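With the numbering used here applied, the sequence shown corresponds to residues 317 to 556, in that order. Don't be surprised by glycine CBs; every beta carbon is placed ideally from N, CA and C. Note that the structure is a prediction, hence the values are computed from the model and not measured.
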Amino acid sequence: MKRIGMVTAGALSFALVACGTSEQDKMAFNRVAEGSREGAEANAPLAPADPASRLLAAAEPFEQLTETAFTDPPATLDRTITLGRDAITAIRSILAPAVAGRIDGLLDEIADHRKTERRADLALSSIEIYRELVSAVPSATKVPADVSLLDYAGFRFQADLKAAPVRWDDMAKAAAFGRERWTAVAPKVRDQAVTAPFEAALRDMERAAAGRDSALAASAATAELDLVDKLEAYFAAQGT
């Protein structure tokens, strides 16, 4: 996903006016849109009402929460958490019961971590909700879900690095997960200008976790997350 500073109304526009959308969904959407209106473009278009777009839009506040959990003041953190909860309410009708149950458990974890100021745990619970949502995206999408899961791997790795103490073992698991997802998606990418740097970033993540090298870990995570944006652009441009 594109790195974000604030969740915009455009990013969270689920177009819940589509046929079959419940009144509860509409009310939740209105709360999300109003909460994120500041800074949005005045004429930002609504996203399509298809399930994939709604799921990806709902994942945005959790990506933001992971990214800003260590730095945002409490009031801002609380607003982002509220946006995330409203986003889940808005799409609950399209979530499988098992997925909704896991997300509810993670939302409870976020509330507990917020109360106790365990920001690393808050970030990690948040990115797990992101993973649940992007994993639920239907397979027939232009940008493969594995691309979003590479984003997940980078953000989890980065959150582990920011924890005190650093969670090196989980960083190794995040890097391994990223390697699995890259192995699945790499054959679909026919541009060495994209594949070569991505391979290098993953190798650096693996080396950093194994060697407990904080400097290398920080640069590798930043590189991997930036390269996910390039992967998204690559797939979005296919067939256009």
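N- and C-terminal bounds of the alpha helix (DSSP H) containing residue i
{"i": "Val-450", "result": "435–451"}
{"i": "Ala-469", "result": "461–478"}
{"i": "Ile-419", "result": "413–431"}
{"i": "Val-544", "result": "530–553"}
{"i": "Pro-389", "result": "No alpha helix (DSSP H) holds Pro-389; DSSP gives it neither H nor E."}
{"i": "Pro-513", "result": "508–527"}
{"i": "Val-501", "result": "484–501"}
{"i": "Thr-384", "result": "367–384"}
Nearest residue (CA-CA) to residue i, options the options
{"i": "Leu-393", "options": "Gln-380, Thr-405, Asp-402 and Ile-404", "result": "Gln-380"}
{"i": "Thr-382", "options": "Gly-421, Gly-470, Asp-485 and Asp-366", "result": "Gly-470"}
{"i": "Ile-426", "options": "Arg-418, Ala-416 and Asp-437", "result": "Asp-437"}
{"i": "Ala-461", "options": "Lys-504, Ala-488, Ala-475 and Pro-377", "result": "Lys-504"}
{"i": "Ala-403", "options": "Ala-375, Gly-421 and Ala-416", "result": "Ala-375"}
{"i": "Arg-506", "options": "Gly-417, Thr-384 and Phe-551", "result": "Phe-551"}
{"i": "Ile-445", "options": "Leu-518, Lys-458 and Ser-464", "result": "Ser-464"}
{"i": "Ala-479", "options": "Ala-439, Leu-543 and Thr-457", "result": "Ala-439"}
{"i": "Ala-491", "options": "Pro-481, Arg-418, Asp-467 and Ala-502", "result": "Asp-467"}
{"i": "Ile-443", "options": "Val-501, Asp-542 and Phe-378", "result": "Phe-378"}
{"i": "Val-501", "options": "Leu-371, Val-544 and Ala-412", "result": "Val-544"}
{"i": "Gly-494", "options": "Arg-434, Ala-536, Pro-481 and Asp-424", "result": "Ala-536"}
{"i": "Arg-483", "options": "Ser-530, Ala-456, Gln-508 and Arg-430", "result": "Ser-530"}
{"i": "Glu-373", "options": "Gly-400, Gln-508 and Leu-422", "result": "The amino acid occupying residue 373 in the given sequence is Ala; Glu does not appear at that position. Cα-wise, what sits closest to Ala-373 is Gly-400."}
Residue environment, residue i, which counts as buried when at least 16 other CB atoms sit within 10 Å
{"i": "Thr-432", "result": "exposed"}
{"i": "Ile-407", "result": "buried"}
{"i": "Arg-528", "result": "exposed"}
{"i": "Thr-387", "result": "exposed"}
{"i": "Glu-496", "result": "exposed"}
{"i": "Ala-456", "result": "exposed"}
{"i": "Ala-412", "result": "exposed"}
{"i": "Ala-385", "result": "buried"}
{"i": "Ala-349", "result": "Model confidence at Ala-349 stands at a pLDDT of 45, short of 50, so the residue's coordinates are unreliable; what they give is reported in the following sentence. Burial call: buried."}
Beta-carbon contacts of residue i that lie in its chain and below 6 Å, excluding the five residues immediately before and after
{"i": "Ala-533", "result": "Leu-477 and Ala-524"}
{"i": "Lys-546", "result": "Val-510"}
{"i": "Met-487", "result": "Phe-473, Asp-476 and Ala-525"}
{"i": "Val-415", "result": "Glu-448 and Ala-452"}
{"i": "Asp-428", "result": "none"}
Nonlocal neighbours in the same chain, by C-beta distance under 7 Å from residue i, ignoring five residues either side
{"i": "Pro-367", "result": "Ile-410 and Pro-454"}
{"i": "Ile-397", "result": "Leu-381, Ile-426 and Arg-430"}
Own chain, CB closer than 8 Å to residue i, minus 5 neighbours either side, in chain order
{"i": "Ala-539", "result": "Pro-513, Ala-516, Ala-517 and Asp-520"}
{"i": "Gln-554", "result": "Lys-458"}
{"i": "Arg-371", "result": "The sequence as given places Leu at residue 371; Arg does not occur at that position. Around Leu-371: Ile-407, Ile-410, Leu-449, Val-450, Ala-452 and Val-453."}
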